[in-house]
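Structure first, then comments.
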Amino acid sequence: MSTPNGFPQHSRVCLTRSMEGGAVQDLQAKKAGKAARKEAGGEGPPPKIGTPISETLKLLPEEFKANMKIKSITPRPPRKPRLERAASLDEKSWRKWRRFRTSQESLTDPNETSSSSGSLQEASPSPPTRGRASPCSPCCQQDSLHSSPDALEASPAGKSRGGASDLGKRASEISSAFGGLLRGKGFAGGKPRLSQIMPARPLPPMELNVASHSLRTANRIDADCLDYRHYSQHKFGRVSSSLSDSKLQGNGTLYDNCSTDSMKSTFSVLTPIRAKDVRSRSYLEGSLLASGALMGAEELSRYFPDRNIGIFVATWNMQGQKELPVNLDDFLLPTDPDFAQDMYVIGVQEGCPDRREWEIRLQETLGPHYVLLHSAAHGVLYMSVFIRRDLIWFCSEVEYATVTTRIVSQIKTKGALGICFTFFGTSFLFITSHFTSGDSKVNERKLDYNKTIQALTLPKNVPDTNPYRSSSSDVTTRFDEVFWFGDFNFRLNKDRETVDSILNQNPDSDVSKLLVYDQLTSEMSRGSIFKGFQEADIHFRPSYKFDIGKDSYDTTSKQRTPSYTDRVVFRSRYKGDIQALKYSSCPVIKTSDHRPVFALFRVKLRPGRDNIPLAAGQFDRDLYLIGIRRRTTRELQKRLEQKDQRSSSICSIS
Numbered sequence: 000m001s002t003p004n005g006f007p008q009h010s011r012v013c014l015t016r017s018m019e020g021g022a023v024q025d026l027q028a029k030k031a032g033k034a035a036r037k038e039a040g041g042e043g044p045p046p047k048i049g050t051p052i053s054e055t056l057k058l059l060p061e062e063f064k065a066n067m068k069i070k071s072i073t074p075r076p077p078r079k080p081r082l083e084r085a086a087s088l089d090e091k092s093w094r095k096w097r098r099f100r101t102s103q104e105s106l107t108d109p110n111e112t113s114s115s116s117g118s119l120q121e122a123s124p125s126p127p128t129r130g131r132a133s134p135c136s137p138c139c140q141q142d143s144l145h146s147s148p149d150a151l152e153a154s155p156a157g158k159s160r161g162g163a164s165d166l167g168k169r170a171s172e173i174s175s176a177f178g179g180l181l182r183g184k185g186f187a188g189g190k191p192r193l194s195q196i197m198p199a200r201p202l203p204p205m206e207l208n209v210a211s212h213s214l215r216t217a218n219r220i221d222a223d224c225l226d227y228r229h230y231s232q233h234k235f236g237r238v239s240s241s242l243s244d245s246k247l248q249g250n251g252t253l254y255d256n257c258s259t260d261s262m263k264s265t266f267s268v269l270t271p272i273r274a275k276d277v278r279s280r281s282y283l284e285g286s287l288l289a290s291g292a293l294m295g296a297e298e299l300s301r302y303f304p305d306r307n308i309g310i311f312v313a314t315w316n317m318q319g320q321k322e323l324p325v326n327l328d329d330f331l332l333p334t335d336p337d338f339a340q341d342m343y344v345i346g347v348q349e350g351c352p353d354r355r356e357w358e359i360r361l362q363e364t365l366g367p368h369y370v371l372l373h374s375a376a377h378g379v380l381y382m383s384v385f386i387r388r389d390l391i392w393f394c395s396e397v398e399y400a401t402v403t404t405r406i407v408s409q410i411k412t413k414g415a416l417g418i419c420f421t422f423f424g425t426s427f428l429f430i431t432s433h434f435t436s437g438d439s440k441v442n443e444r445k446l447d448y449n450k451t452i453q454a455l456t457l458p459k460n461v462p463d464t465n466p467y468r469s470s471s472s473d474v475t476t477r478f479d480e481v482f483w484f485g486d487f488n489f490r491l492n493k494d495r496e497t498v499d500s501i502l503n504q505n506p507d508s509d510v511s512k513l514l515v516y517d518q519l520t521s522e523m524s525r526g527s528i529f530k531g532f533q534e535a536d537i538h539f540r541p542s543y544k545f546d547i548g549k550d551s552y553d554t555t556s557k558q559r560t561p562s563y564t565d566r567v568v569f570r571s572r573y574k575g576d577i578q579a580l581k582y583s584s585c586p587v588i589k590t591s592d593h594r595p596v597f598a599l600f601r602v603k604l605r606p607g608r609d610n611i612p613l614a615a616g617q618f619d620r621d622l623y624l625i626g627i628r629r630r631t632t633r634e635l636q637k638r639l640e641q642k643d644q645r646s647s648s649i650c651s652i653s
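This is how it looks when you write it as structure tokens:
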């Protein structure tokens, strides 16, 4: 049976009630049902309680639906119990939502046209009761789409209250049905209302912590919403353990957690630093292993968790050629290792006339990730030290010295050039040399070596990291890690025909038969030169002497014997600190009669103290800008040429 308003009348009116006000509302509903049946004249039996509201509306005549006037019936939330006890978590959340509701009178006004109050009318949640209500039926869950989730919560106590369990779910159906009718054309005498906008998917649950991951999106620069610690472990292979980060996490207050999470949400490798830590730390004075020291253990572990640095060391006799190779990628950036190194040290003998152009080409090849820490020259001996721009703050002042091994000191084609500095707590010395040439002048080359280790006055101002193991007669003992590379001019004690036959028999990398005749290997085994030094295994062909621009060895009348003149050797104060990863030559560069030779090393680092003269981030800024500008210009020219080539291509149809 239906009421004059056109709304289906049930045996139990679907109104939400509380424990105290439910009985009164039931009595009012029964009276309203009797009056409605008398006025309607008994148009049919009332629908069953379990019938969905959408199916009940289908029973009404179409004309009656169009002309009916609807009186808004909005269920009121039940009164709160009078029992005094601590509010539950659900009640607290309901109270917060309740503050945004307007007055009860505006909710019951059918002529109210406000979209905000209308949406509140249609979705009016009921607070969680202290009793328990029975779960809603599936049909009720499908039809009442706009009802509050709180009204649909299950509760076992409704089983003992009989029909009281149906009142809550039917009230949400009535509210939903009235919301749909008020938005349609059946509403007479009022203004049309906009339909309520529902989210496409369920909203994420809100957390009590204001640093919720669903809210921390303003500072996030990465697309994936991963946790900072998990992201750092996956991408960078380490988790920052700075003093500031640990103290921020240790407080446990809501403000500190929010601040830490907000800063971590940027996924930056750099950890936040508290003002208190900045006040207490000194960047110029410190002691070994001091907390907060710039070159101490904490910073070292943050940048190098395994305390190992990758170093690229190369030597090349350029034969004084003005023409430089078109591309240095195969030389400086070989494809065998997957990653570039942290430091690049390149020594040149008989360098090109334009030293600055050579350094620009190096900067252009290495790109913006590297800066020129220092460069020095001794005649035509050049050395350049490039380092990753992130690491320039952990270097001491760079010092260099030179030695001339010729009798006439004004002629600086033979000699040595050394550059030294301290990185964190590890001291480095790099020496490039050009010894006396000649197949039989082994003793002269040993004299050049002895003169170099005695006359090279390093270090000057930077203190020795371990003076108890140093010697005033040998510069190589005053540093932790020493790399000596250059054109040592040691030859193979064999004739040209024998060497050629061995090379033809083993065209690949088996050169062990040649090394039997190598002068340097023989002298090092006797201990007469490079005492304490090591050399990685050689698996490349002799680097001297080639015809310029060709892969063939000397074809002139002199018929010089191919030899391993260009070498890289190393020594360390501590056993196992230096590991040679690769030792090879670069056969694609053919502008000289020498092939470049390079080596990749993995060197162990130690923490240091920051009361030494620091470089303070100093590097060659002008060279950096020129190299990057030239790199960009060449890339643009390359793209323009490719574009012109594509536009000028002609398609022919046969």
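All the letters of the sequence shown, read from the start, carry residue numbers 0 to 653 under numbering that gives the first Met the number 0.
Ideal placement from N, C-alpha and C gives every residue a C-beta, glycine not left out.
Distance between beta carbons of residue j and residue i, contact taken as under 8 Å
{"i": "H433", "j": "L380", "result": "6 Å"}
{"i": "L604", "j": "I308", "result": "6 Å"}
{"i": "C419", "j": "L390", "result": "Going by Cβ atoms, the distance from C419 to L390 rounds to 17 Å, so no, they are not a contact pair."}
{"i": "R570", "j": "T475", "result": "6 Å"}
{"i": "H377", "j": "L416", "result": "4 Å"}
{"i": "S524", "j": "K445", "result": "About 14 Å; that fails the 8 Å criterion."}
{"i": "R540", "j": "L502", "result": "7 Å"}
{"i": "R601", "j": "Q578", "result": "4 Å"}
{"i": "E398", "j": "L622", "result": "Their Cβ separation, rounded to whole angstroms, is 20 Å, which puts E398 and L622 out of contact at 8 Å."}
{"i": "L599", "j": "P336", "result": "6 Å"}
Buried or exposed (CB count within 10 angstroms, at least 16 for buried), residue i
{"i": "K642", "result": "exposed"}
{"i": "V515", "result": "exposed"}
{"i": "M197", "result": "exposed"}
{"i": "H368", "result": "exposed"}
{"i": "P466", "result": "exposed"}
{"i": "T451", "result": "buried"}
{"i": "E298", "result": "buried"}
{"i": "S472", "result": "exposed"}
{"i": "T270", "result": "buried"}
{"i": "P324", "result": "buried"}
{"i": "L635", "result": "exposed"}
{"i": "P606", "result": "buried"}
{"i": "V587", "result": "exposed"}
{"i": "K530", "result": "exposed"}
{"i": "R360", "result": "buried"}
{"i": "D576", "result": "buried"}
{"i": "R594", "result": "buried"}
{"i": "G319", "result": "exposed"}
{"i": "Q504", "result": "exposed"}
{"i": "L624", "result": "exposed"}
Distance CB(residue i)-CB(residue j) smaller than 8 Å
{"i": "K589", "j": "F545", "result": "yes"}
{"i": "F429", "j": "M294", "result": "no"}
{"i": "G414", "j": "T401", "result": "yes"}
{"i": "V596", "j": "R572", "result": "no"}
{"i": "D479", "j": "T425", "result": "yes"}
{"i": "S542", "j": "R490", "result": "no"}
{"i": "F487", "j": "T564", "result": "yes"}
{"i": "S383", "j": "L371", "result": "yes"}
{"i": "I537", "j": "D592", "result": "no"}
{"i": "D447", "j": "T404", "result": "yes"}
{"i": "E396", "j": "L613", "result": "yes"}
{"i": "R630", "j": "E363", "result": "yes"}
{"i": "V568", "j": "E534", "result": "yes"}
{"i": "D329", "j": "I310", "result": "no"}
{"i": "R608", "j": "A292", "result": "yes"}
DSSP bridge partner residues for residue i (one or two, in chain order)
{"i": "N307", "result": "K603"}
{"i": "L416", "result": "T401 and T431"}
{"i": "V347", "result": "W315 and Y381"}
{"i": "K574", "result": "Paired residues: none, contrary to the question."}
{"i": "C394", "result": "F422"}
{"i": "M562", "result": "Note that residue 562 is Ser in the sequence shown, not Met. Y543, per the DSSP bridge assignment."}
{"i": "M342", "result": "I310 and I386"}
{"i": "Q533", "result": "F569"}
- Does the stretch 310-318 come within contact of the stretch 348-364, defined as at least 3 CB pairs closer than 8 Å? By the criterion of at least three beta-carbon pairs nearer than 8 Å, the stretch 310-318 is in contact with the stretch 348-364.
- Message: I'd like to know if the stretch 552-562 and the stretch 456-475 are in contact, where contact means that at least 3 CB-CB pairs between them fall below 8 Å.
- Response: Result no; under three Cβ-Cβ pairs closer than 8 Å.
- Query: Are the stretch 575-588 and the stretch 489-504 in contact at 8 Å, needing three or more beta carbon pairs?
  - Reply: Here the stretch 575-588 makes no contact with the stretch 489-504; the two share fewer than three CB pairs at distances below 8 Å.
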